[in-house]
Structures are given as C-alpha cells and as structure tokens.
Amino acid sequence: MACGSDDKASDSASSKNGVPAITAGAKFGEKPTLSKGKGEPPKELKTEVISEGDGAKLKNGDAIQVNYLGQSWDSDKPFDNSFDRKQPFDLTLGAGMVI
Numbered sequence: 127m128a129c130g131s132d133d134k135a136s137d138s139a140s141s142k143n144g145v146p147a148i149t150a151g152a153k154f155g156e157k158p159t160l161s162k163g164k165g166e167p168p169k170e171l172k173t174e175v176i177s178e179g180d181g182a183k184l185k186n187g188d189a190i191q192v193n194y195l196g197q198s199w200d201s202d203k204p205f206d207n208s209f210d211r212k213q214p215f216d217l218t219l220g221a222g223m224v225i
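127 is the number of the first residue of the sequence shown in the numbering used here; add one for each residue after it.
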C-alpha cells in the first residue's frame, strides 16, 4: 500500500518506495483513492502504513475486520472495494482466508 498526502499534487505522484500514491479519506474509515502505477509494477509486495493505530499488536489467530480497495497497477479505477458496500471484510489473521 502506498501513502500520499491530501495535496492534489500527490494524486499522480509515486511514493518514495516506487508504488502508486494513495490519498486517504478525510476521516478514518473513508474510501481512499489510489493513483495509477507508472512503469513496471514491483515484483515483490510493497507496503506503507497509512494510519498506525495505538491498540494492541495483532497476531495470527486474531479475528479482524478490514476495509479494502482492489485496483490493478495500470488502472486508476478500483475493480472492487468494501467501502462502497459499507461492509467491512471479516477474517482471521494468518488463516489463509484471503487470496
């Protein structure tokens, strides 16, 4: 996941580690936007923390709820997301419940 700012200039910029910039919603839990990737996509998973919580650290076996946004590298439009449905995704961390 990439991290950007609320500045409109960041909408098309890449973050420092080469992944598309993300603009978080104005409030926690609001749908973010993700810029279209440039060049070749990374061959390995890249991550960036957008908003770090202050609760207990998660561990394998914990039941969690997440909102997600799925978008192809060469597109600026999501193909799926939980934000529009207003329905977080329930899963058990580390149980292989996600592709």
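Virtual Cβ for every residue (Gly too), placed ideally from N, Cα, C.
Note that the coordinates shown come from a computational prediction; the quantities given were computed from them, not determined experimentally.
1) Let me confirm a value: residue 146 is counted as buried when at least 16 other C-beta atoms fall within 10 Å, else exposed. Which label applies?
2) What did DSSP end up calling residue 145 once you bin it into helix, strand or coil?
3) Can you tell me where the beta strand (DSSP E) with residue 190 in it begins and where it stops?
4) Who does residue 239 pair with in a DSSP beta bridge?
5) Cβ of residue 150 within 8 Å of Cβ of residue 176?
6) Buried or exposed: residue 160, going by 16 or more other Cβ atoms within 10 Å of its Cβ?
7) Could you tell me which residues DSSP pairs with residue 207 in its beta bridges?
8) If we ignore side chains and look at the alpha-carbon of each, how far apart do residue 143 and residue 199 end up?
9) Under the three-state reduction of DSSP, which class applies to residue 164: helix, strand or coil?
So, to answer that:
1) Classification for residue 146: buried.
2) Looking at residue 145 - three-state DSSP - the assignment turns out to be coil, as it is neither helix nor strand.
3) Segment 189-192, the beta strand (DSSP E) holding residue 190.
4) Residue 239 is absent from the model: the chain starts at 127 and stops at 225.
5) Note that the C-beta distance between residue 150 and residue 176 is below 8 Å.
6) Buried: at least 16 other Cβ atoms inside 10 Å.
7) For residue 207, which the question treats as bridged, DSSP gives the partners 195.
8) One C-alpha to the other measures close to 15 Å.
9) In this structure, residue 164 counts as coil in the three-state DSSP scheme.
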